[in-house]
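Accompanying notes for the structure given below.
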Amino acid sequence: MKRPRSVTWFPLLTVFLLWASPSPAADAAGVRVGTARIDITPEKPVAMFGYDARKDLSTGVHDPLSARVLAFEAGGKRLVLVSTDLIGFYSGTADHMRQALLSEFSLQPSELFLTAIHNHAGPALTIDPQRGHANNLEYTERLKGKLIEVVRQALGSMEPVRLGLGVGSCPLGVNRRELRVNNRGESSIVLGRNVYGPTDKEVLVLKVATPEGKVKAVAFDYATHATCLGGRNYTISGDVLGLAEQFVEKILGSDVIVPAFAGASGDINPWLRAEAGFNTDSGWIPEPVLQGAFLGEEVVRVYRGINRTGTAGKIVTNFATLQLPLKPPEDPSAKKSEAPGTRPFNITVARLGDIAFVGLGAEVCTEIGMAIKAASPCAHTFVITHCNGAASYLPTKEMYAQHGYEVKTSPFGPQAADIVIRESIRLLHGL
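The opening position of the sequence shown corresponds to residue 553 in the working numbering, with each subsequent residue numbered one higher.
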(Lines of atoms letter the chains of each structure in order from A; the text may use other names.)
(Lines give C-alpha, C1' and ligand atoms only; values in the text may rest on other atoms or scores of the structure.)
Protein backbone atom coordinates (compact mmCIF):
# COMPACT_ATOMS: atom_id res chain seq x y z
CA MET A 553 0.00 0.00 0.00
CA LYS A 554 1.45 3.36 -1.01
CA ARG A 555 2.31 5.93 1.60
CA PRO A 556 0.84 9.44 1.23
CA ARG A 557 3.19 11.97 -0.29
CA SER A 558 2.69 14.48 2.49
CA VAL A 559 0.91 13.90 5.76
CA THR A 560 -0.06 16.34 8.47
CA TRP A 561 -1.67 15.29 11.75
CA PHE A 562 -4.57 17.23 13.23
CA PRO A 563 -6.92 16.66 16.17
CA LEU A 564 -9.54 13.88 15.83
CA LEU A 565 -7.02 11.75 13.92
CA THR A 566 -7.54 13.83 10.78
CA VAL A 567 -4.97 13.38 8.01
CA PHE A 568 -4.67 15.22 4.72
CA LEU A 569 -3.09 14.11 1.49
CA LEU A 570 -1.74 17.12 -0.41
CA TRP A 571 -1.47 16.59 -4.14
CA ALA A 572 1.58 17.81 -6.00
CA SER A 573 0.82 20.72 -8.34
CA PRO A 574 1.11 19.68 -12.00
CA SER A 575 2.52 21.66 -14.88
CA PRO A 576 0.30 23.96 -17.01
CA ALA A 577 0.58 21.46 -19.86
CA ALA A 578 -0.90 18.76 -17.62
CA ASP A 579 -3.78 21.09 -16.74
CA ALA A 580 -4.64 21.53 -20.42
CA ALA A 581 -4.91 17.77 -20.89
CA GLY A 582 -6.59 17.11 -17.57
CA VAL A 583 -10.00 15.98 -16.50
CA ARG A 584 -13.23 17.94 -16.92
CA VAL A 585 -16.12 17.63 -14.49
CA GLY A 586 -19.82 18.40 -14.52
CA THR A 587 -22.02 18.41 -11.43
CA ALA A 588 -25.76 18.43 -10.79
CA ARG A 589 -28.32 17.82 -8.05
CA ILE A 590 -32.05 17.11 -8.27
CA ASP A 591 -34.80 16.71 -5.70
CA ILE A 592 -36.20 13.16 -5.48
CA THR A 593 -38.43 13.62 -2.40
CA PRO A 594 -41.71 11.68 -2.74
CA GLU A 595 -44.65 13.97 -3.49
CA LYS A 596 -47.20 11.45 -2.17
CA PRO A 597 -47.25 9.06 0.80
CA VAL A 598 -45.21 5.97 -0.11
CA ALA A 599 -44.36 2.58 1.27
CA MET A 600 -40.95 2.83 2.95
CA PHE A 601 -38.19 0.23 2.79
CA GLY A 602 -35.75 -1.28 5.26
CA TYR A 603 -37.85 -2.76 8.06
CA ASP A 604 -40.30 -5.64 7.59
CA ALA A 605 -42.38 -4.52 10.58
CA ARG A 606 -43.27 -1.22 8.89
CA LYS A 607 -46.55 -1.68 7.00
CA ASP A 608 -48.14 1.77 6.59
CA LEU A 609 -47.33 4.57 4.15
CA SER A 610 -45.12 7.54 5.03
CA THR A 611 -46.81 10.34 6.95
CA GLY A 612 -44.60 13.34 6.22
CA VAL A 613 -41.19 14.69 5.21
CA HIS A 614 -38.55 15.94 7.62
CA ASP A 615 -35.86 16.80 5.06
CA PRO A 616 -35.56 16.42 1.27
CA LEU A 617 -34.02 13.53 -0.63
CA SER A 618 -31.69 14.24 -3.53
CA ALA A 619 -29.77 12.61 -6.35
CA ARG A 620 -26.31 14.10 -6.91
CA VAL A 621 -24.03 13.52 -9.88
CA LEU A 622 -20.30 13.93 -10.46
CA ALA A 623 -19.47 13.34 -14.14
CA PHE A 624 -15.80 13.16 -15.18
CA GLU A 625 -14.44 13.24 -18.74
CA ALA A 626 -10.88 12.93 -20.02
CA GLY A 627 -9.51 11.74 -23.35
CA GLY A 628 -12.90 10.60 -24.58
CA LYS A 629 -13.47 8.43 -21.49
CA ARG A 630 -16.24 9.20 -18.98
CA LEU A 631 -16.96 8.32 -15.36
CA VAL A 632 -20.41 9.13 -13.98
CA LEU A 633 -20.90 8.83 -10.20
CA VAL A 634 -24.58 8.99 -9.16
CA SER A 635 -25.39 9.18 -5.43
CA THR A 636 -29.03 8.84 -4.36
CA ASP A 637 -30.57 9.29 -0.89
CA LEU A 638 -32.28 5.90 -1.16
CA ILE A 639 -31.84 2.51 0.47
CA GLY A 640 -30.74 0.83 -2.76
CA PHE A 641 -31.96 -0.36 -6.14
CA TYR A 642 -33.75 -3.53 -5.08
CA SER A 643 -36.58 -5.52 -6.71
CA GLY A 644 -35.03 -5.47 -10.16
CA THR A 645 -34.74 -1.68 -10.31
CA ALA A 646 -30.92 -1.63 -10.55
CA ASP A 647 -30.81 -3.04 -14.06
CA HIS A 648 -33.95 -1.07 -14.99
CA MET A 649 -32.35 2.26 -14.05
CA ARG A 650 -28.87 1.39 -15.26
CA GLN A 651 -30.02 0.36 -18.71
CA ALA A 652 -32.01 3.58 -19.06
CA LEU A 653 -28.94 5.68 -18.22
CA LEU A 654 -26.47 3.60 -20.26
CA SER A 655 -28.72 3.78 -23.32
CA GLU A 656 -29.62 7.46 -23.00
CA PHE A 657 -26.00 8.64 -22.77
CA SER A 658 -24.14 5.87 -24.67
CA LEU A 659 -22.15 4.97 -21.55
CA GLN A 660 -20.17 1.79 -21.14
CA PRO A 661 -21.27 -0.31 -18.11
CA SER A 662 -17.94 0.45 -16.40
CA GLU A 663 -18.47 4.22 -16.78
CA LEU A 664 -21.54 4.35 -14.52
CA PHE A 665 -21.63 4.06 -10.72
CA LEU A 666 -25.34 4.11 -9.81
CA THR A 667 -25.32 4.15 -6.02
CA ALA A 668 -27.51 4.62 -2.95
CA ILE A 669 -26.57 5.63 0.61
CA HIS A 670 -28.64 2.76 2.08
CA ASN A 671 -31.10 5.13 3.71
CA HIS A 672 -33.80 3.28 5.68
CA ALA A 673 -36.03 6.38 5.92
CA GLY A 674 -36.89 6.62 2.24
CA PRO A 675 -39.27 5.08 -0.32
CA ALA A 676 -39.24 1.54 -1.65
CA LEU A 677 -38.61 1.28 -5.38
CA THR A 678 -40.72 -1.06 -7.48
CA ILE A 679 -41.50 -1.78 -11.11
CA ASP A 680 -43.87 -4.66 -10.36
CA PRO A 681 -47.57 -3.67 -10.17
CA GLN A 682 -48.34 -6.93 -8.35
CA ARG A 683 -45.92 -6.26 -5.49
CA GLY A 684 -45.72 -2.51 -5.05
CA HIS A 685 -48.05 0.26 -3.99
CA ALA A 686 -49.35 2.43 -6.82
CA ASN A 687 -47.66 5.50 -5.33
CA ASN A 688 -44.32 3.69 -5.31
CA LEU A 689 -44.75 2.56 -8.91
CA GLU A 690 -45.38 6.17 -9.88
CA TYR A 691 -42.45 7.36 -7.77
CA THR A 692 -40.06 4.85 -9.36
CA GLU A 693 -41.04 5.85 -12.89
CA ARG A 694 -40.63 9.53 -12.05
CA LEU A 695 -37.27 8.75 -10.45
CA LYS A 696 -36.01 7.21 -13.70
CA GLY A 697 -36.84 10.42 -15.53
CA LYS A 698 -35.18 12.53 -12.86
CA LEU A 699 -32.00 10.44 -12.94
CA ILE A 700 -31.80 10.90 -16.71
CA GLU A 701 -32.37 14.63 -16.27
CA VAL A 702 -29.72 15.10 -13.56
CA VAL A 703 -27.09 13.10 -15.46
CA ARG A 704 -27.83 15.16 -18.57
CA GLN A 705 -27.34 18.35 -16.55
CA ALA A 706 -24.00 17.10 -15.21
CA LEU A 707 -22.71 16.00 -18.61
CA GLY A 708 -23.79 19.36 -20.05
CA SER A 709 -21.88 21.41 -17.50
CA MET A 710 -18.37 20.06 -18.05
CA GLU A 711 -15.41 22.34 -17.34
CA PRO A 712 -11.74 21.85 -16.43
CA VAL A 713 -11.14 21.18 -12.75
CA ARG A 714 -8.45 20.41 -10.24
CA LEU A 715 -8.84 17.71 -7.62
CA GLY A 716 -7.75 17.42 -4.02
CA LEU A 717 -8.07 14.51 -1.62
CA GLY A 718 -8.30 14.59 2.15
CA VAL A 719 -8.51 11.80 4.70
CA GLY A 720 -10.22 12.09 8.07
CA SER A 721 -11.67 9.85 10.73
CA CYS A 722 -15.04 9.60 12.47
CA PRO A 723 -16.12 7.22 15.27
CA LEU A 724 -19.83 7.43 14.37
CA GLY A 725 -19.99 3.93 12.90
CA VAL A 726 -19.81 0.99 15.31
CA ASN A 727 -19.69 -2.75 14.72
CA ARG A 728 -23.14 -4.19 15.39
CA ARG A 729 -22.31 -7.90 15.81
CA GLU A 730 -22.63 -8.13 19.58
CA LEU A 731 -21.94 -11.37 21.46
CA ARG A 732 -24.56 -12.13 24.12
CA VAL A 733 -24.76 -15.03 26.57
CA ASN A 734 -28.11 -16.02 28.10
CA ASN A 735 -28.71 -17.36 31.59
CA ARG A 736 -28.21 -20.92 30.31
CA GLY A 737 -24.73 -20.07 29.10
CA GLU A 738 -25.72 -20.16 25.42
CA SER A 739 -24.04 -17.55 23.22
CA SER A 740 -25.30 -15.84 20.09
CA ILE A 741 -24.47 -12.91 17.82
CA VAL A 742 -27.20 -10.26 17.85
CA LEU A 743 -27.70 -6.82 16.32
CA GLY A 744 -26.32 -4.60 19.04
CA ARG A 745 -23.18 -2.58 19.73
CA ASN A 746 -19.79 -4.30 19.61
CA VAL A 747 -17.41 -1.48 20.53
CA TYR A 748 -14.38 -3.75 20.12
CA GLY A 749 -15.39 -5.11 16.71
CA PRO A 750 -13.77 -4.01 13.44
CA THR A 751 -14.86 -0.68 11.96
CA ASP A 752 -13.53 1.44 9.13
CA LYS A 753 -13.47 4.95 10.58
CA GLU A 754 -11.86 6.54 7.51
CA VAL A 755 -13.61 9.54 5.94
CA LEU A 756 -12.40 10.05 2.37
CA VAL A 757 -13.12 13.51 0.96
CA LEU A 758 -12.69 14.53 -2.69
CA LYS A 759 -12.58 18.24 -3.49
CA VAL A 760 -13.48 19.32 -7.03
CA ALA A 761 -12.67 22.93 -7.92
CA THR A 762 -12.07 25.03 -11.03
CA PRO A 763 -8.52 26.22 -11.80
CA GLU A 764 -9.59 29.62 -10.39
CA GLY A 765 -10.50 27.98 -7.08
CA LYS A 766 -14.31 27.88 -7.27
CA VAL A 767 -15.51 24.71 -5.52
CA LYS A 768 -17.97 22.63 -7.54
CA ALA A 769 -18.30 19.53 -5.37
CA VAL A 770 -17.10 17.84 -2.20
CA ALA A 771 -17.72 14.08 -2.28
CA PHE A 772 -17.20 11.82 0.71
CA ASP A 773 -17.16 8.11 1.49
CA TYR A 774 -17.93 6.64 4.93
CA ALA A 775 -18.90 3.19 6.17
CA THR A 776 -22.16 3.12 8.12
CA HIS A 777 -25.72 1.95 7.74
CA ALA A 778 -28.12 4.89 7.49
CA THR A 779 -30.34 3.39 10.20
CA CYS A 780 -30.52 6.00 12.93
CA LEU A 781 -34.27 6.06 12.25
CA GLY A 782 -35.92 2.71 12.88
CA GLY A 783 -39.00 0.75 11.90
CA ARG A 784 -41.39 2.93 13.91
CA ASN A 785 -40.42 6.00 11.91
CA TYR A 786 -42.79 6.97 9.07
CA THR A 787 -41.18 10.32 8.23
CA ILE A 788 -39.14 10.67 5.03
CA SER A 789 -35.54 11.72 5.73
CA GLY A 790 -32.03 11.26 4.41
CA ASP A 791 -31.07 9.80 7.81
CA VAL A 792 -27.41 10.06 8.91
CA LEU A 793 -25.66 10.19 5.53
CA GLY A 794 -28.34 12.31 3.86
CA LEU A 795 -28.35 14.81 6.71
CA ALA A 796 -24.54 14.93 6.58
CA GLU A 797 -24.73 15.84 2.88
CA GLN A 798 -27.25 18.59 3.64
CA PHE A 799 -25.15 19.90 6.54
CA VAL A 800 -22.03 20.26 4.39
CA GLU A 801 -23.98 21.92 1.57
CA LYS A 802 -25.42 24.41 4.05
CA ILE A 803 -21.94 25.25 5.32
CA LEU A 804 -20.27 25.45 1.90
CA GLY A 805 -23.16 27.03 -0.01
CA SER A 806 -26.02 25.72 -2.10
CA ASP A 807 -23.99 25.90 -5.34
CA VAL A 808 -21.67 23.14 -4.04
CA ILE A 809 -22.99 19.59 -4.36
CA VAL A 810 -21.96 17.04 -1.72
CA PRO A 811 -22.60 13.44 -2.79
CA ALA A 812 -22.14 10.79 -0.10
CA PHE A 813 -21.17 7.19 -0.77
CA ALA A 814 -21.79 4.32 1.63
CA GLY A 815 -18.62 2.38 2.36
CA ALA A 816 -18.50 -1.29 3.28
CA SER A 817 -20.89 -1.26 6.23
CA GLY A 818 -22.97 -4.44 6.20
CA ASP A 819 -22.05 -5.01 9.86
CA ILE A 820 -21.76 -1.33 10.87
CA ASN A 821 -24.51 0.81 12.39
CA PRO A 822 -24.50 4.42 13.55
CA TRP A 823 -23.79 4.80 17.27
CA LEU A 824 -27.42 5.75 17.93
CA ARG A 825 -29.88 3.68 15.89
CA ALA A 826 -33.50 2.60 15.42
CA GLU A 827 -35.01 5.83 16.76
CA ALA A 828 -38.78 6.17 16.42
CA GLY A 829 -38.53 9.64 14.89
CA PHE A 830 -37.23 13.15 15.44
CA ASN A 831 -37.37 13.99 19.16
CA THR A 832 -38.85 17.48 19.59
CA ASP A 833 -38.31 17.80 23.36
CA SER A 834 -37.12 21.28 24.31
CA GLY A 835 -33.34 21.47 24.14
CA TRP A 836 -32.95 17.99 22.67
CA ILE A 837 -31.01 17.55 19.41
CA PRO A 838 -32.70 14.80 17.38
CA GLU A 839 -30.38 11.83 17.00
CA PRO A 840 -30.31 11.79 13.17
CA VAL A 841 -29.51 15.52 13.11
CA LEU A 842 -26.85 15.15 15.80
CA GLN A 843 -25.07 12.30 14.06
CA GLY A 844 -25.43 13.79 10.58
CA ALA A 845 -23.89 17.04 11.80
CA PHE A 846 -21.10 15.12 13.60
CA LEU A 847 -20.07 13.36 10.39
CA GLY A 848 -20.68 16.48 8.31
CA GLU A 849 -18.36 18.56 10.49
CA GLU A 850 -15.55 16.07 9.93
CA VAL A 851 -16.13 16.27 6.17
CA VAL A 852 -15.93 20.08 6.33
CA ARG A 853 -12.85 19.92 8.56
CA VAL A 854 -11.07 17.64 6.09
CA TYR A 855 -12.18 19.74 3.11
CA ARG A 856 -10.81 22.91 4.69
CA GLY A 857 -7.43 21.26 5.10
CA ILE A 858 -7.06 20.46 1.39
CA ASN A 859 -4.89 23.40 0.38
CA ARG A 860 -3.34 22.06 -2.81
CA THR A 861 -5.01 20.47 -5.81
CA GLY A 862 -3.87 18.71 -8.96
CA THR A 863 -5.29 17.21 -12.12
CA ALA A 864 -5.75 13.66 -13.35
CA GLY A 865 -4.65 13.02 -16.92
CA LYS A 866 -6.91 10.06 -17.73
CA ILE A 867 -9.78 7.88 -16.62
CA VAL A 868 -9.64 4.07 -16.67
CA THR A 869 -12.64 1.87 -15.83
CA ASN A 870 -13.70 -1.78 -15.82
CA PHE A 871 -16.78 -3.82 -15.00
CA ALA A 872 -17.28 -7.49 -14.17
CA THR A 873 -20.19 -9.70 -13.19
CA LEU A 874 -19.12 -12.56 -10.95
CA GLN A 875 -21.17 -15.70 -10.36
CA LEU A 876 -20.84 -16.17 -6.61
CA PRO A 877 -21.58 -19.53 -4.97
CA LEU A 878 -24.75 -19.76 -2.92
CA LYS A 879 -25.31 -21.52 0.39
CA PRO A 880 -25.99 -25.25 0.21
CA PRO A 881 -29.73 -26.05 0.25
CA GLU A 882 -31.19 -26.18 3.75
CA ASP A 883 -33.80 -28.76 2.77
CA PRO A 884 -32.63 -32.03 4.41
CA SER A 885 -34.22 -34.00 1.57
CA ALA A 886 -32.00 -32.31 -1.02
CA LYS A 887 -29.25 -34.44 -2.51
CA LYS A 888 -25.80 -33.58 -1.19
CA SER A 889 -24.41 -33.92 -4.70
CA GLU A 890 -26.56 -31.06 -5.98
CA ALA A 891 -24.59 -27.88 -6.60
CA PRO A 892 -25.93 -24.94 -4.57
CA GLY A 893 -25.99 -22.68 -7.62
CA THR A 894 -24.74 -19.12 -8.08
CA ARG A 895 -25.96 -15.54 -8.02
CA PRO A 896 -24.58 -12.63 -10.10
CA PHE A 897 -22.57 -9.95 -8.31
CA ASN A 898 -21.45 -6.74 -10.06
CA ILE A 899 -18.08 -5.09 -9.47
CA THR A 900 -17.29 -1.73 -11.07
CA VAL A 901 -13.81 -0.22 -10.79
CA ALA A 902 -12.35 3.08 -11.93
CA ARG A 903 -9.12 4.99 -11.55
CA LEU A 904 -8.75 8.75 -11.61
CA GLY A 905 -5.11 9.68 -11.17
CA ASP A 906 -4.04 8.04 -7.91
CA ILE A 907 -7.61 7.61 -6.63
CA ALA A 908 -9.51 4.36 -7.15
CA PHE A 909 -13.24 3.69 -6.96
CA VAL A 910 -14.60 0.19 -6.30
CA GLY A 911 -18.37 -0.22 -6.65
CA LEU A 912 -19.82 -3.38 -5.10
CA GLY A 913 -23.37 -4.41 -5.93
CA ALA A 914 -24.38 -5.65 -2.49
CA GLU A 915 -24.48 -4.93 1.24
CA VAL A 916 -20.85 -5.75 1.99
CA CYS A 917 -19.41 -6.23 5.48
CA THR A 918 -16.70 -3.81 6.55
CA GLU A 919 -13.79 -6.28 6.75
CA ILE A 920 -14.18 -6.91 3.01
CA GLY A 921 -13.90 -3.22 2.18
CA MET A 922 -10.89 -2.83 4.45
CA ALA A 923 -9.14 -5.76 2.76
CA ILE A 924 -9.72 -4.22 -0.69
CA LYS A 925 -8.38 -0.86 0.48
CA ALA A 926 -5.28 -2.45 2.02
CA ALA A 927 -4.36 -4.26 -1.22
CA SER A 928 -5.29 -1.48 -3.64
CA PRO A 929 -2.45 -0.23 -5.86
CA CYS A 930 -3.73 3.34 -5.45
CA ALA A 931 -2.94 5.66 -2.57
CA HIS A 932 -6.62 5.93 -1.67
CA THR A 933 -9.64 3.85 -2.62
CA PHE A 934 -13.32 4.72 -2.38
CA VAL A 935 -15.11 1.45 -1.62
CA ILE A 936 -18.75 2.10 -2.53
CA THR A 937 -21.51 -0.38 -1.76
CA HIS A 938 -25.10 -0.58 -3.08
CA CYS A 939 -23.55 0.22 -6.46
CA ASN A 940 -24.95 -1.10 -9.75
CA GLY A 941 -26.80 -3.92 -8.01
CA ALA A 942 -28.47 -5.19 -4.85
CA ALA A 943 -27.32 -8.77 -4.26
CA SER A 944 -28.09 -8.87 -0.48
CA TYR A 945 -25.58 -9.28 2.37
CA LEU A 946 -22.01 -10.42 1.78
CA PRO A 947 -20.43 -11.60 5.06
CA THR A 948 -16.84 -12.74 5.57
CA LYS A 949 -15.93 -16.42 5.73
CA GLU A 950 -15.19 -16.15 9.46
CA MET A 951 -18.72 -14.93 10.22
CA TYR A 952 -20.27 -18.23 9.15
CA ALA A 953 -18.84 -19.97 12.21
CA GLN A 954 -20.35 -17.25 14.44
CA HIS A 955 -23.71 -16.97 12.61
CA GLY A 956 -25.75 -13.79 13.20
CA TYR A 957 -28.13 -11.69 11.11
CA GLU A 958 -25.76 -10.98 8.21
CA VAL A 959 -25.08 -14.70 7.70
CA LYS A 960 -28.71 -15.71 8.19
CA THR A 961 -29.99 -13.31 5.53
CA SER A 962 -27.16 -13.75 3.03
CA PRO A 963 -27.75 -16.07 0.07
CA PHE A 964 -24.02 -16.60 -0.45
CA GLY A 965 -21.72 -19.38 0.62
CA PRO A 966 -18.75 -18.83 2.98
CA GLN A 967 -16.19 -18.58 0.16
CA ALA A 968 -18.00 -15.77 -1.69
CA ALA A 969 -16.35 -12.87 0.14
CA ASP A 970 -12.83 -14.09 -0.65
CA ILE A 971 -13.76 -14.29 -4.32
CA VAL A 972 -15.02 -10.69 -4.29
CA ILE A 973 -11.89 -9.44 -2.52
CA ARG A 974 -9.59 -11.27 -4.92
CA GLU A 975 -11.45 -10.16 -8.05
CA SER A 976 -11.73 -6.54 -6.89
CA ILE A 977 -7.98 -6.39 -6.32
CA ARG A 978 -7.30 -8.05 -9.66
CA LEU A 979 -9.50 -5.53 -11.46
CA LEU A 980 -7.81 -2.63 -9.66
CA HIS A 981 -4.35 -3.83 -10.68
CA GLY A 982 -5.64 -4.24 -14.21
CA LEU A 983 -6.29 -0.50 -14.35
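From the three backbone atoms N, C-alpha and C, an ideal C-beta is built for every residue, glycine too.
Supposed close pair residue i, residue j - CB separation, criterion 8 Å
{"i": "M649", "j": "L699", "result": "6 Å"}
{"i": "V935", "j": "K925", "result": "6 Å"}
{"i": "H614", "j": "I788", "result": "7 Å"}
{"i": "H955", "j": "L717", "result": "The pair is not a contact, with the Cβ atoms about 39 Å apart (cut-off 8 Å)."}
{"i": "E730", "j": "R745", "result": "6 Å"}
{"i": "T645", "j": "T692", "result": "6 Å"}
{"i": "V702", "j": "A588", "result": "5 Å"}
{"i": "F665", "j": "I867", "result": "In fact, because the Cβ distance is near 12 Å, the residues do not count as touching under 8 Å."}
{"i": "V901", "j": "L979", "result": "4 Å"}
{"i": "V713", "j": "V585", "result": "4 Å"}
{"i": "I669", "j": "A778", "result": "6 Å"}
Residue i, enclosing beta strand (DSSP E) - first and last residue
{"i": "Y774", "result": "767-774"}
{"i": "L758", "result": "754-761"}
{"i": "L715", "result": "714-721"}
{"i": "L983", "result": "From DSSP, L983 is part of no beta strand (DSSP E); its letter is neither H nor E."}
{"i": "I936", "result": "932-937"}
{"i": "I907", "result": "907-912"}
{"i": "R784", "result": "Where R784 is concerned, there is no enclosing beta strand (DSSP E), given that its DSSP letter is neither H nor E."}
{"i": "G725", "result": "725-733"}
{"i": "A927", "result": "Where A927 is concerned, there is no enclosing beta strand (DSSP E), although the alpha helix (DSSP H) it sits in stretches over 918-927."}
{"i": "P822", "result": "820-822"}
{"i": "F830", "result": "First-last for F830: undefined, no H or E at that position."}
{"i": "R814", "result": "One detail in the question is off: residue 814 reads as Ala in this sequence, not Arg. First-last of the beta strand (DSSP E) with A814: 812-814."}
Identified DSSP bridge partners for residue i
{"i": "M600", "result": "P675"}
{"i": "Q875", "result": "P896"}
{"i": "D591", "result": "S618"}
{"i": "S635", "result": "R620, T667"}
{"i": "K985", "result": "Residue coverage of the chain in this structure runs from 553 to 983, which leaves residue 985 outside it and unanswerable."}
{"i": "P750", "result": "Answer is none; P750 lacks a bridge partner."}
{"i": "S998", "result": "In the structure displayed, the chain extends from 553 to 983; residue 998 sits before or after that span and is not available."}
{"i": "T869", "result": "A902"}
{"i": "L793", "result": "Answer is none; L793 lacks a bridge partner."}
{"i": "E958", "result": "The partner list for E958 (beta bridge, DSSP) is empty, contrary to what the question assumes."}
{"i": "Y945", "result": "E915"}
{"i": "S662", "result": "Answer by DSSP bridge pairing: none, since S662 is not bridged."}
{"i": "F964", "result": "L878"}
{"i": "R584", "result": "E625, P712"}
{"i": "S740", "result": "R732"}
{"i": "A778", "result": "N671"}
Counted within 10 angstroms of its Cβ, other Cβ atoms place residue i as buried (16 or more) or exposed
{"i": "D591", "result": "exposed"}
{"i": "Y748", "result": "exposed"}
{"i": "D608", "result": "exposed"}
{"i": "S573", "result": "Here the model assigns S573 a pLDDT of 36, short of 50, so the residue's position is not dependable and the matter cannot be decided."}
{"i": "Q843", "result": "buried"}
{"i": "Q798", "result": "buried"}
{"i": "P822", "result": "buried"}
{"i": "N734", "result": "exposed"}
{"i": "D928", "result": "A quick correction: the sequence has Ser, not Asp, at residue 928. Classification of S928: buried, given that the 10 Å Cβ count is 16 or more."}
{"i": "R620", "result": "buried"}
{"i": "H981", "result": "exposed"}
{"i": "E656", "result": "exposed"}
{"i": "S739", "result": "exposed"}
{"i": "E801", "result": "buried"}
{"i": "T636", "result": "buried"}
{"i": "I837", "result": "exposed"}
{"i": "N688", "result": "buried"}
Proximity winner among the options, relative to residue i (alpha-carbon distances)
{"i": "P881", "options": "G720, K596, F964, K949", "result": "F964"}
{"i": "T869", "options": "T593, F641, N734, A626", "result": "A626"}
{"i": "I977", "options": "L878, Y952, S658, A872", "result": "A872"}
{"i": "N940", "options": "V598, Y691, G913", "result": "G913"}
{"i": "S944", "options": "A771, M951, E958", "result": "E958"}
{"i": "L791", "options": "A826, P840, L979, W836", "result": "Note that residue 791 is Asp in the sequence shown here, rather than Leu. Answer by Cα proximity: P840."}
{"i": "K596", "options": "V583, E690, R606", "result": "E690"}
{"i": "F641", "options": "G708, N671, V621, G818", "result": "N671"}
{"i": "L756", "options": "Y855, V742, A828", "result": "Y855"}
{"i": "L707", "options": "T776, T678, V634, R694", "result": "V634"}
{"i": "K753", "options": "T779, A775, T832, A845", "result": "A775"}
{"i": "P750", "options": "R728, L795, A845, Y786", "result": "R728"}
{"i": "E850", "options": "C722, A812, T667, E915", "result": "C722"}
{"i": "V583", "options": "A968, G602, V632, T667", "result": "V632"}
{"i": "P947", "options": "L715, F624, R825, V916", "result": "V916"}
{"i": "I803", "options": "V767, V719, A673, T678", "result": "V767"}
{"i": "T1014", "options": "Y603, G674, S658", "result": "Here the chain has residues from 553 to 983 only, and residue 1014 is not among them."}
Span of the alpha helix (DSSP H) around residue i
{"i": "A623", "result": "Looking at the DSSP string, A623 is not in any alpha helix (DSSP H); the run it does join, the beta strand (DSSP E), is 618-626."}
{"i": "N688", "result": "686-707"}
{"i": "A652", "result": "645-657"}
{"i": "A845", "result": "839-856"}
7 Å Cβ cutoff, residue i in contact with chain B
{"i": "S806", "result": "Annotation note: the requested chain B is absent from the structure, which comprises a single protein chain."}
Any non-hydrogen atom of the ligand ZN within 6 Å of residue i CB
{"i": "V972", "result": "Summarising the ligand content, the structure contains no ligands, and the ligand ZN is consequently not present."}
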